[in-house]
Amino acid sequence: MSGRNGNGLLEYYTEQIEHLLHDENLSEISVNPDGTVWVEEMGTTHMTKTNITLTKDDVGNIGRCVAGFSDVTFGEKKPIATANVPTREGKARVQVVIPPATTGVGSVAIRLLRVKSVDLGAFSFASKEAALAENNDHSALGNARQALAAGTMSFDELGDLAMQSKWNVIIAGGTSSGKTTVLNAMMKRADPGERIVTIEEVAELDIEQPNFVGLLADRSEDNGPRSPTKLLESALRLRPDRLVCGEIRGDDANMFLELVNTGHDGSVCTMHANSPVDAIGRMSKMVRRGSPTVQKSEVVDDIRATIHMIVHMKKIGDERKVNGVIFPPLMTADQLI
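Reading the sequence shown from the start, the letters are residues 3 to 339 in the working numbering.
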């Protein structure tokens, strides 16, 4: 065990995973609410589950260590701590989240900040098209729209395509229209190796991916540590492959758009709306409520650039039906305002 002083402090509080901190092949270490420990090796796309399990006390100890470096209070009323913490090899960016902001033993995300010298010649273009990326390629969206118009694509096939292609999706509709049910069904088509981070007020989502962290928001806190906006910020540090928001209905709309506009493809959220186009209008109102100087046209342009598909659900009799689908990138601003 390392001593309490100097760069060994994090190691002192992470005895069970100390050897992982010093593994030069690792870039990320995560602890999920079920206590399981996952790691990401450099150069890989998915995390791997280890045979290590941490307890609530283990996570709490790590949290208090991190809080000490950031000079913040840590506990039930302030359940999130984030800091850059020195290690023997350098430093690590650590975030700890405990109940009631999440469930189980809590969650830990450790990003190992190592400077690795790589020659420029080690990099290559991802594809021929990537060599000159002047325009966004929306051919898959166009093909899907044509197939839907021709009646040759089912919603099952569309949802599968959206998940496999990591489209950003809004599922809209009225109360009890089937929004969450459809979201759960679509998430079953996502890659089982993905790391999923969810944010919701009540735990309703049924996530089958084993590498999963659920955050629980409290809108009554406004700007507190459990507000949806604060949890969206925290979710970024948990290394999500896909971010899922149970419902957008406030200032979190602006944060959600910012996240999907910064490379977090595959994000999904639900919201109340009367039609697919109405979802854009409502999203615009929510964004502008928090940023009054932003014009509606600017929000619409952001949605066209970031949201691949909007699905509208409706309760018809005793059944929940897909009432409409639009692809914002394929539509003009006039069609969406």
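Yeah, the Cβ is synthetic: ideal placement off N, Cα and C, and Gly gets one too.
Please state the DSSP three-state secondary structure of residue i.
i      : result
SER126 : coil
LYS323 : strand
GLU202 : strand
THR334 : coil
ARG147 : helix
SER109 : strand
GLU43  : strand
ASN256 : helix
ALA94  : strand
LYS51  : strand
ARG228 : coil
GLY216 : strand
ARG244 : strand
MET155 : coil
LEU238 : helix
LEU12  : helix
LEU207 : coil
ILE339 : coil
SER4   : Bear in mind that a pLDDT of 38 at SER4, under 50, signals an unreliable position, so the number given afterwards is only what the model happens to contain. Three-state DSSP puts SER4 in coil, outside helix and strand.
Contact defined as beta carbons within less than 8 Å: I believe residue i pairs with residue j. What is the distance between those atoms, to the nearest angstrom?
i      : j      : result
LEU185 : ILE173 : 5 Å
PRO230 : ILE201 : 6 Å
LEU12  : THR89  : 6 Å
GLY292 : ASN256 : 5 Å
SER286 : VAL270 : Not confirmed; about 19 Å, so no contact.
VAL61  : THR52  : In fact, because the Cβ distance is near 15 Å, the residues do not count as touching under 8 Å.
ALA1   : LEU122 : Any property of residue 1 remains undetermined from this structure, which presents the chain solely from 3 to 339.
GLY326 : ASN170 : 18 Å between Cβ atoms; not a contact.
VAL289 : VAL279 : Rounded, the Cβ-Cβ distance is 16 Å, inconsistent with contact.
GLY153 : MET188 : So it is not a contact: roughly 21 Å between Cβ atoms.
Identify the continuous alpha helix (DSSP H) that holds residue i and give its terminal residues.
i      : result
ARG306 : 298-308
LEU23  : 20-23
LYS181 : 181-189
ARG290 : 278-292
VAL68  : 58-72
GLY76  : Residue identity check: residue 76 is Phe in the sequence provided, not Gly. Looking at the DSSP string, PHE76 is not in any alpha helix (DSSP H), and its letter there is neither H nor E.
Starting from the Cα of residue i, find the closest Cα among the options and give me that residue.
i      : options                           : result
GLU210 : SER179, ASP224, THR177 and LYS190 : LYS190
MET166 : GLU196, THR55 and GLY153          : Correcting the residue identity first, residue 166 is Gln in this sequence and not Met. Measuring from the Cα of GLN166, the nearest candidate turns out to be GLU196.
ARG221 : SER236, ARG251, ARG241 and ASP25  : ARG251
THR334 : GLU321, ASP303 and GLY319         : ASP303
ASN34  : GLY216, VAL296 and ASP280         : GLY216
LEU234 : MET188, TRP169, GLU260 and ALA307 : GLU260
ASP193 : PRO212, VAL204 and THR183         : PRO212
ASN263 : ALA307, VAL279 and ASP121         : ALA307
SER346 : MET311, LEU207, GLN297 and ASP253 : What the structure shows of the chain is the stretch from 3 to 339, and residue 346 is not part of that stretch, so it cannot be assessed.
GLU91  : VAL324, MET188 and HIS21          : HIS21
LYS316 : MET288, ALA275 and ALA237         : ALA275
THR46  : SER32, LEU28 and THR38            : LEU28
THR38  : GLU26, LEU143, THR57 and LYS181   : THR57
GLU203 : ALA151, TRP169, THR272 and PHE157 : THR272
ARG239 : TYR14, LYS168 and SER109          : SER109
ALA142 : GLY153, ALA164 and SER126         : ALA164
ALA111 : GLU26, THR16, THR295 and SER178   : THR16
ILE19  : ILE64, HIS48 and MET49            : ILE64
VAL98  : ASP73, ARG66 and PHE125           : ARG66
ASP36  : VAL107, MET44 and MET155          : VAL107
GLU78  : PHE71, ARG116 and LEU218          : LEU218
ASP224 : GLU206, GLY153, ASP254 and ILE305 : ASP254
THR55  : LEU160, SER32, GLY176 and HIS48   : SER32
SER2   : LEU338, VAL324, PRO330 and PHE329 : Outside the displayed range of the chain (3 to 339) lies residue 2, so it cannot be described from this structure.
GLU1   : GLY180, GLU26 and HIS314          : Any answer about residue 1 is impossible in this case: the structure gives the chain only from 3 up to 339.
SER236 : ASP25, ASP59 and VAL96            : VAL96
MET44  : ALA281, ARG116, GLY319 and ALA69  : ARG116
ILE309 : GLY319, ASP336, ILE318 and ALA281 : ALA281
ALA151 : GLU206, PHE329, PHE71 and GLN337  : PHE329
SER178 : PRO294, HIS314 and ASP158         : HIS314
Relative to the ligand MG, is the shortest distance from any of its heavy atoms to the C-beta of residue i smaller than 8 Å?
i     : result
GLY77 : The ligand MG is not part of the structure shown, which contains no ligands of any sort.
Note the first and the last residue of the continuous beta strand (DSSP E) segment covering residue i.
i      : result
GLY175 : 171-175
PRO88  : 82-88
GLU30  : 28-33
LYS317 : 311-318
THR264 : Premise fails: THR264 is in no beta strand (DSSP E) and is neither H nor E.
THR272 : 270-274
Problem - Contact between the segment 92-104 and the segment 69-84 (3+ Cβ pairs under 8 Å) - result: yes
Practice task
Spell out a yes or no on whether the segment 239-250 and the segment 139-153 are touching, meaning 3 or more CB-CB pairs, one atom from each, closer than 8 Å.
Solution key: no
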